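Protein chains in written order, with this note's numbering: chain A, 147 to 297; chain B, 47 to 580. Notes follow the structure.
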Ligand SMILES: Cc1cc2nc3c(=O)[nH]c(=O)nc-3n(C[C@H](O)[C@H](O)[C@H](O)COP(=O)(O)OP(=O)(O)OC[C@H]3O[C@@H](n4cnc5c(N)ncnc54)[C@H](O)[C@@H]3O)c2cc1C
């Protein structure tokens, strides 16, 4: 859904295309196809809920990388973003934080990496109890590990 | 209002204030506790929402300067190597704490006798032993009896699951022949006293939605209130005032609407932690006490101790489920806890094994440390690290130094105009040498456990979670602020019960000892009610 270009989007159509290319460059899909790219995790919806803070920084980076960004090779795109991050460190970090925020809080992504989808509570996690017989050597050498007497 | 006298007025509803109120409730005296913060609602904690991870960077941030709630006060850390972190509200910092719950060691109370540094405490581990046990029972502590590094003790609940992280690092410790043991944790491993057990959610440091973590809003407070203690929230104390006879008269505070109020009391008990308590004492100036109340020794605000710390994170081939389970509670090693001068420093450190973080934090810290790039290679680097890590934290003993201080900031204030605390703190050479030794040993342990790569972060600046020493106890009024049971040498009806009365810091998380001390002080007061002010 997120790679769809729409007319009621707060960004112009060329900028939407650049945004998709930007997302795809920041978090590309995994080479085995198992993990989606950042374009495929509902960034438009995320943008709608965070527009006030997110739009100004997105506009800044999109203006800087230009409308021909989608037409560049992947290598050139990485270079352009690297240059942006070197000259606009704070804005870049803010954008990256939001992209990661959207990506790693997406239920599909979470399921794929073994994290509870949705809120953690009340589902919770199961943990291996751990093998307490591993303590045997410590107990066997208790004399070496004895606490220091205070007097 | 000014004629309304309470018997005992406690300032601060955190770890120590709660335990003290609970114990004093036995007396059926009129006990009131004031806290500047609110009750927190577990249904509001981040784990209830999908964006649980990003919320911990905002409204549940551990740094009050970032969190910026109107119930917080700002802290000036500009001249400090370490940033103060806390929580202000019912439960105090236990709302956000990791609940790693070791006790100080018997030797920690005798560092001068044993190692010729700092001062001995005016009481011993044995004195506190029954109060440690009582506190473990009321808080709900999980652990395993038999650790040779302590005198015998019996936690009321079985240990938390070690998980793959604990097992893996334990194997490393075993290869090296080092001590380790499952951590005592103030997190319940089984249903206990009407609370359900820990669900292994993970992010304990942004509040526990399940209530498995023993914060004092759900342990001590409900019972203390049932037994008659009155807890008033949103009451921010500005100063302690004095009667003509030199006794404390009560406190001036601001209520939720910013109105200045006065509460008289027969006894005032400070429990605002190692930063909040000296702040209010220093702000309680008068003709007789131009340098702040209870400060004839000049020690109020001095000898501030944190625990200098660092973390080494090992990356493992196998999946360790690192993001699951209580982040700070797993296993520990006391192999280097005691002095060995051949190591090049005095005293020692604790090795606290911690689990990993959630995916967003993993990605962001990976970016900041250069270990997980954005773009090409992101997925592979993330997959290699996420859930494949175990960390060893090095918690160093911090020795008291008079030049490490809490003072009043001349300009910065909270929203009620009370001067903010200013922290002046530098690591000592002893601390840095100790930390460097500890980081090497942490890496050694992780490599022995099979880590293919180790990333170090030390010293860690945002680590001022243990706030100690700024109103130290002692027998000599010239060099200490309170006596061996928390009573001010200068003002006989003023008591201090929080981490500020620590003489030395030990090398373990302090809350178990802070609470044992506050229960001990309460018990002493109960036993000496008729001669309390002699
Ligand atoms: C992120 C984090 C992790 C931690 N992890 C651990 C851990 O794993 N193990 C451990 O042992 N310890 C840990 N700690 C430390 C632990 O929380 C503290 O040691 C403990 O809570 C201190 O108890 P206290 O009673 O001294 O103060 P606090 O619990 O901090 O309580 C002080 C209370 O006083 C109130 N107050 C302050 N000033 C005023 C005023 N002027 N008027 C009215 N009220 C006031 C505050 O609002 C607060 O509620 C951690 C702390 C943090 C922040």
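All C-beta atoms, glycine included, are put in the ideal place defined by N, C-alpha and C. Predicted model only: the values in this text are computed from it and were never measured.
Task: When 556(B), 140(B), 510(B), 519(B) are compared against residue 356(B), the one with the closest alpha-carbon - done: With distances taken between Cα atoms, residue 356(B) lies closest to 510(B).
- [ ] Please state if the CB of residue 438(B) and the CB of residue 491(B) are separated by a distance shorter than 8 Å.
- [x] By the CB criterion at 8 Å, residue 491(B) and residue 438(B) fall inside the cutoff.
Task: CB of residue 283(B) within 8 Å of CB of residue 452(B), strictly - done: No; because the gap between Cβ atoms is not below 8 Å, this pair is not in contact.
Open item on the list: Any beta carbon of chain B sitting closer than 8 Å to that of residue 288(A)?
Closed with: Yes, its Cβ sits closer than 8 Å to a Cβ of chain B.
Open item on the list: With H, G and I counted as helix, E and B as strand and the rest as coil, what does DSSP make of residue 57(B)?
Closed with: Residue 57(B) falls in the strand class under three-state DSSP.
Task: Where the alpha helix (DSSP H) containing residue 209(B) begins and where it ends - done: Its alpha helix (DSSP H) spans residues 209-222.
Task: Collapsed DSSP secondary structure at residue 47(B) in the structure displayed - done: Reliability fails at residue 47(B), whose pLDDT of 46 lies under 50, so the model's placement of it is uncertain and the value that follows must be treated cautiously. Three-state DSSP puts residue 47(B) in coil, outside helix and strand.
Task: residue 279(A), DSSP secondary structure in three states - done: In the three-state DSSP reduction, residue 279(A) falls in the helix class (H, G or I).
Task: 8 Å Cβ shell around residue 552(B) - same chain, five flanking residues per side excluded - done: In chain order, 150, 151, 154, 443, 559 place their CB closer than 8 Å to the CB of residue 552(B), counting only its own chain and leaving out the 5 sequence neighbours on each side.
Task: chain A contacts from the region 147-174 of chain B (Cβ-Cβ distance under 8 Å) - done: Taking 8 Å as the Cβ-Cβ cut-off, the region 147-174 of chain B approaches chain A at 151, 152, 153, 155, 156, 159, 160, 170, 171, given in chain order.
Task: Where the beta strand (DSSP E) containing residue 248(A) begins and where it ends - done: Boundaries for residue 248(A): no beta strand (DSSP E) harbours it, while the alpha helix (DSSP H) harbouring it runs 235-250, taken from the DSSP string.
TODO: Might you give, ordered along the chain, the residues of its own chain that have their beta carbon closer than 6 Å to the beta carbon of residue 191(A), omitting 5 neighbours on each side?
DONE: Cβ within range, chain order: n/a, list empty.
Open item on the list: Looking at the secondary structure, which residues open and close the beta strand (DSSP E) in which residue 542(B) lies?
Closed with: Counting along the chain, the unbroken beta strand (DSSP E) around residue 542(B) starts and ends at 540-542.
TODO: Would you mind telling me which residues of chain B sit closer than 9 Å to residue 293(A), beta carbon to beta carbon, in chain order?
DONE: For the C-beta of residue 293(A), the chain B residues within less than 9 Å are, from N- to C-terminus, 151, 152, 153, 193, 194, 195, 196, 197, 380, 383, 384.
- [ ] Could you tell me whether any non-hydrogen atom of ligand 1 is closer than 7 Å to the CB of residue 54(B)?
- [x] For ligand 1, not one heavy atom lies less than 7 Å from the Cβ of residue 54(B).
Task: Residue closest to residue 80(B), alpha-carbon to alpha-carbon, out of 110(B), 484(B), 296(B) - done: Closest option to residue 80(B), Cα to Cα, is 296(B).
Task: Interface positions of the region 236-254 of chain A facing chain B (Cβ-Cβ less than 7 Å), listed along the chain - done: In summary, the residues of the region 236-254 of chain A whose CB is separated from some CB of chain B by less than 7 Å are 242, 243, 246, 247, 250, 251, in the order they occur in the chain.
Open item on the list: Using only the alpha-carbon positions, how far apart do residue 134(B) and residue 318(B) sit?
Closed with: Per the coordinates, the alpha-carbon of residue 134(B) lies some 9 Å from the alpha-carbon of residue 318(B).
Open item on the list: Between which residues of its own chain and residue 380(B) is the CB-CB distance below 7 Å, once the five residues before and five after are set aside?
Closed with: Correct list, in chain order: 195, 225, 396.
- [ ] Return yes when the C-beta of residue 80(B) is under 7 Å from any heavy atom of ligand 1, and no when it is not.
- [x] Flag set: Cβ of residue 80(B) near ligand 1.
TODO: Note down, in chain order, every chain A residue with its Cβ under 7 Å from the Cβ of residue 410(B).
DONE: Those within 7 Å of residue 410(B) in chain A are 243, 246.
TODO: Flag this pair as touching only if the region 259-267 of chain B and the region 409-426 of chain B have three or more C-beta atom pairs under 8 Å; answer yes or no.
DONE: Verdict: no, contact absent.
- [ ] Measuring only between beta-carbons, confirm whether residue 99(B) sits less than 8 Å from chain A.
- [x] Taking Cβ atoms only, chain A reaches closer than 8 Å to residue 99(B), which makes this a yes.
Open item on the list: Applying the 10 Å Cβ sphere with the 16-neighbour rule, what's the burial state of residue 64(B)?
Closed with: So residue 64(B) counts as buried.
Task: residue 401(B) versus residue 372(B) - alpha carbon distance - done: Residue 401(B) and residue 372(B) have their C-alpha atoms some 7 Å from each other.
TODO: On the DSSP bridge assignment, give the partners of residue 351(B) in chain order.
DONE: For residue 351(B), which the question treats as bridged, DSSP gives the partners 514(B).
- [ ] Would you verify that the beta carbon of residue 107(B) is, or is not, closer than 8 Å to some beta carbon of chain A?
- [x] False, the Cβ-Cβ gap to chain A never drops below 8 Å.
- [ ] State the DSSP-derived secondary structure class of residue 201(B), mapped to helix, strand or coil.
- [x] Correct three-state label for residue 201(B): coil.
- [ ] Please list the residues of the region 271-286 of chain A that have a C-beta atom closer than 8 Å to any C-beta atom in chain B, keeping them in chain order.
- [x] For the region 271-286 of chain A, the set of positions with a beta-carbon nearer than 8 Å to some beta-carbon of chain B reads 271, 272, 273, 274, 275, 276, 277, 278, 280, 281, 283, 284, 285 in chain order.
TODO: With a cut-off of 8 Å on the beta carbons, I'd call residue 343(B) and residue 527(B) a contact; round off their distance for me.
DONE: The pair is a contact, with the Cβ atoms about 6 Å apart (cut-off 8 Å).
TODO: May I ask whether a heavy atom of ligand 1 can be found less than 7 Å away from the beta carbon of residue 108(B)?
DONE: For ligand 1, at least one heavy atom lies less than 7 Å from the Cβ of residue 108(B).
Task: Other residues of its chain near residue 471(B): CB distance less than 8 Å, five sequence neighbours each side excluded - done: Closer than 8 Å at Cβ, skipping near neighbours: 125, 126, 127, 128, 350, 352, 450, 451.
- [ ] Check the Cβ of residue 548(B) against every Cβ in chain A and list those closer than 7 Å, keeping chain order.
- [x] Using a Cβ-Cβ cut-off of 7 Å, residue 548(B) is close to nothing in chain A; its nearest Cβ partner there is about 16 Å away.
Open item on the list: Would residue 352(B) pass as an interface residue toward chain D - the criterion being a Cβ-Cβ separation below 8 Å?
Closed with: Among the chains of the structure shown, chain D does not appear; the protein chains present are A and B.
Open item on the list: Is it buried or exposed, residue 156(B), if we count other Cβ atoms within 10 angstroms and call 16 or more buried?
Closed with: Buried, since its Cβ has 16 or more Cβ neighbours within 10 Å.
- [ ] Please classify residue 466(B): does DSSP put it in a helix, a strand, or coil?
- [x] Residue state, collapsed to three classes: strand.
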